[in-house]
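Undergrad: Encoded as structure tokens, here's the structure I'll be asking about.
There are 2 protein chains.
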Amino acid sequence: MHISTKCSVAIHCLIFIYEYGDRQKVTSDLLSLSTGSNPVTIRNIISSLRKDGIISVKFGTGGATLNCPLGEITLYRICKAIEPDFSSKLIGVHSLPSPLCPVGKNIHNVLDCSYQKIRTDLCESLKSITLENIISDYHYIQHKTDLN
Amino acid sequence: MHISTKCSVAIHCLIFIYEYGDRQKVTSDLLSLSTGSNPVTIRNIISSLRKDGIISVKFGTGGATLNCPLGEITLYRICKAIEPDFSSKLIGVHSLPSPLCPVGKNIHNVLDCSYQKIRTDLCESLKSITLENIISDYHYIQHKTDLN
DNA sequence: AATGGTGTAACTCTAAAAATTACAGGAGGG
DNA sequence: CCCTCCTGTAATTTTTAGAGTTACACCATT
Numbered sequence: 002m003h004i005s006t007k008c009s010v011a012i013h014c015l016i017f018i019y020e021y022g023d024r025q026k027v028t029s030d031l032l033s034l035s036t037g038s039n040p041v042t043i044r045n046i047i048s049s050l051r052k053d054g055i056i057s058v059k060f061g062t063g064g065a066t067l068n069c070p071l072g073e074i075t076l077y078r079i080c081k082a083i084e085p086d087f088s089s090k091l092i093g094v095h096s097l098p099s100p101l102c103p104v105g106k107n108i109h110n111v112l113d114c115s116y117q118k119i120r121t122d123l124c125e126s127l128k129s130i131t132l133e134n135i136i137s138d139y140h141y142i143q144h145k146t147d148l149n
Numbered sequence: 002m003h004i005s006t007k008c009s010v011a012i013h014c015l016i017f018i019y020e021y022g023d024r025q026k027v028t029s030d031l032l033s034l035s036t037g038s039n040p041v042t043i044r045n046i047i048s049s050l051r052k053d054g055i056i057s058v059k060f061g062t063g064g065a066t067l068n069c070p071l072g073e074i075t076l077y078r079i080c081k082a083i084e085p086d087f088s089s090k091l092i093g094v095h096s097l098p099s100p101l102c103p104v105g106k107n108i109h110n111v112l113d114c115s116y117q118k119i120r121t122d123l124c125e126s127l128k129s130i131t132l133e134n135i136i137s138d139y140h141y142i143q144h145k146t147d148l149n
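Quick mapping for you: the protein sequence lines, in order, are chains A and B.
Read left to right, the first sequence gives residues 2 to 149 (the numbering used here).
Read left to right, the second sequence gives residues 2 to 149 (the numbering used here).
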């Protein structure tokens with residue numbers, strides 16, 4: 002899956018931390034249960050988010066808390082924290098075109114022109130969505146679900 | 002690699018067909034040599050492009066030719082032809098969140114709100130680039146290379 | 001009818017992603 | 001002060017999606 006599902010797991014974790022972080026200690030085991038991912042995977046994700054400054058993790062005793070306002074956490078920032086070169090992984094050029102063919106020799110440079118634009122556009126798109134938007138969606142959906 | 006490299010191979014093939022299609026019979030073996038991909042992979046790609054109407058393939062005797070003006074062939078159209086649901090594969094949600102957790106129960110719907118926008122943005126971005134642009138890049142780069 | 005193509009299905013191989021195992025090290029409670 | 005619960009990270013295994021391979025029916029042209 003693309004823009005690896007890690008990113009979705011990260012958002013899941015952040016929502017969880019925002020909603021429950023003040024009431025209980027949010028550990029990797031807890032997040033592992035909620036997301037259905039492995040605790041080590043969670044720890045790696047959490048670790049990346051921590052290094053970017055999005056969250057803090059209490060050392061030794063454990064527990065994660067948000068470290069900055071929701072509006073400052075964009076999807077771009079999350080993706081970047083987790084997978085620094087995610088945008089170059091979005092679209093790939095086949096690796097072994099023939100250097101003997103005029104097309105094969107140049108295809109890499111040719112595609113890079115267009116692909117660079119697509120990558121930039123994607124980043125802009127990701128920057129336009131913040132955790133604030135997502136949490137507001139969450140509250141809206143949760144409320145709607147409760148009514149049924 | 003994402004927006005699978007098939008898409009790059011497809012563009013490679015289309016450039017090749019445009020440049021040499023009138024001079025020689027472009028077969029899957031020839032394209033296989035130029036792209037460095039397997040002939041069957043090429044045939045599958047060519048077959049998808051054909052079904053979309055982008056190219057024609059002479060049955061029996063072989064050989065592919067472009068079927069519509071370069072300006073009408075967008076990257077979006079190519080991606081769509083090759084991988085009809087490429088945009089939903091761009092970003093994935095982790096598959097097994099816990100239904101017992103309020104976050105886990107709703108995460109799928111929540112993320113879909115934002116992800117849908119990102120997918121739409123990506124499609125727009127892909128629609129803005131045509132084979133005409135790419136071939137013009139190709140000629141420019143080829144010319145620059147020849148000078149050295 | 002021989003040659004050289006395409007179209008596709010079925011299977012195998014490969015490499016990237018995720019899970020698992022393992023363990024060193026910190027904080028806080030009893 | 002040591003025991004428990006947690007994190008951080010390395011190393012290994014498992015899983016899975018993607019690409020390659022094999023195989024063969026079918027078609028046009030010579």
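In this text, a Cβ means the ideal position worked out from N, Cα and C, and glycines have one as well.
(1) When Cβ atoms are compared, which residues of the region 87-117 of chain B fall closer than 8 Å to chain A?
(2) Leaving aside the five residues before and after A82(B) along the sequence, list all residues of the same chain whose C-beta is less than 6 Å from its C-beta, in chain order.
(3) Given a cut-off of 8 Å, decide if S57(B) and R44(B) are closer than it, judged by their beta-carbon atoms.
(4) Can you list the residues of chain A that Y77(B) reaches, using a CB-CB cut of under 8 Å?
(5) Entirely within the region 63-138 of chain A and at least 4 residues each: give me those alpha helix (DSSP H) ranges in chain order.
(6) Sorted by chain position, which residues of the same chain lie with C-beta nearer than 6 Å to T66(A)'s C-beta, five sequence neighbours on each side aside?
(7) Return the Cβ separation of T75(B) and I130(B) in integer angstroms, given the expectation that the two are a contact with Cβ distance under 8 Å.
(8) Taking 8 Å as the threshold (beta carbon to beta carbon), is G37(B) in contact with chain A?
(9) Any heavy atom of the ligand HEM closer than 7 Å to the beta-carbon of V10(B)?
(10) Run through the DSSP bridge pairs and tell me what I12(B) is partnered with.
(11) According to DSSP, simplified to helix, strand and coil, what is I56(B)?
(12) For I46(A), which residues in the same chain have their Cβ closer than 7 Å to its Cβ, ignoring the five residues on either side in sequence?
(13) Scan the region 58-85 of chain A for residues whose Cβ lies nearer than 8 Å to a Cβ of chain B and list them as they occur along the chain.
(14) Going straight from the alpha carbon of V27(A) to that of I18(A), what length do you get?
(15) What residues in the region 39-55 of chain A bring their beta carbon closer than 9 Å to a beta carbon of chain B?
TA: Working from what's here:
(1) K90, L91, I92, G93, V94, H95, S96, L97, P98, S99, C102, P103, V104, G105, K106, N107, I108, N110, V111, L112, C114 and S115
(2) S49, L50 and D53
(3) no
(4) The contacting residues do not exist; Y77(B) stays about 10 Å from chain A at best.
(5) 76-83, 87-91 and 103-128
(6) G22 and S57
(7) 6 Å
(8) yes
(9) The ligand content of the structure shown is nil, which means the ligand HEM is not present either.
(10) Per DSSP, none; premise fails for I12(B).
(11) strand
(12) K7, V10, A11, C14 and I83
(13) L76
(14) 7 Å
(15) none
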